[in-house]
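Novice:
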Amino acid sequence: MGLLLRWACAFLLLALTYNPTQWNYIRWSMNNYQQEQPLAVLLGLLLLIWYIIYLRATLRSIGGFGMFLVLSVVGALVWVLYDWNMLSLDNPDIVTWIAILALSIVLGIGLGWSIVRRMLTGQVDMDNVDH
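Start counting the sequence shown at 853; every next residue gets the next number (our numbering).
1) Does the segment 914 to 928 touch the segment 951 to 965, meaning 3 or more C-beta pairs lie closer than 8 Å?
2) Contact between the segment 962 to 969 and the segment 854 to 866: three or more CB pairs below 8 Å?
3) Which residue comes first and which comes last in the alpha helix (DSSP H) that contains threonine 973?
4) Check whether the segment 920 to 935 and the segment 947 to 956 are in contact - that is, three or more C-beta pairs closer than 8 Å.
5) What number of angstroms, rounded off, separates the C-alpha of arginine 969 from the C-alpha of glutamine 975?
6) Counting along the chain, where does the alpha helix (DSSP H) carrying leucine 894 start and finish?
7) From tyrosine 877 to serine 913, what does the alpha carbon distance come to, in whole angstroms?
8) With a cut-off of 8 Å on the beta carbons, I'd call aspartate 945 and proline 872 a contact; round off their distance for me.
9) Nearest to leucine 865 by alpha carbon, out of Met938, Leu898, Ile967?
10) For a test of the three-state rule: what should DSSP assign to tyrosine 870, helix, strand or coil?
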């Protein structure tokens, strides 16, 4: 459940920032920046902090190469589904949702890598803490 929750939070972060609907921060802030400038800045900063936390945790757990590998596997899966005519990429909205899903999988795996590693190997990750 922990891994699924971490992925869902990553998906929510990306979808709140941008998605093909009208319900996203980018579109809202572009349309309301003049009237709601303080709120737009506050929400933008909160999203930025959320991104920094997620990206830093992901980079620390799987690194840039690990992020590349996960994204490559997801991209290859999309390619296979497209090649087998199980997925159509004609609709730009679908492509955007696929990109959000792919990036959220990268962040979700990065955030939950300790859980995956513990399940696979029985080893526990721990930060070095000096007392």
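For each residue, glycine too, the CB sits at the ideal point set by N, CA and C.
Specialist: If we stick to the structure as given:
1) yes
2) yes
3) 965 to 973
4) yes
5) 7 Å
6) 889 to 913
7) 28 Å
8) 4 Å
9) Leu898
10) coil
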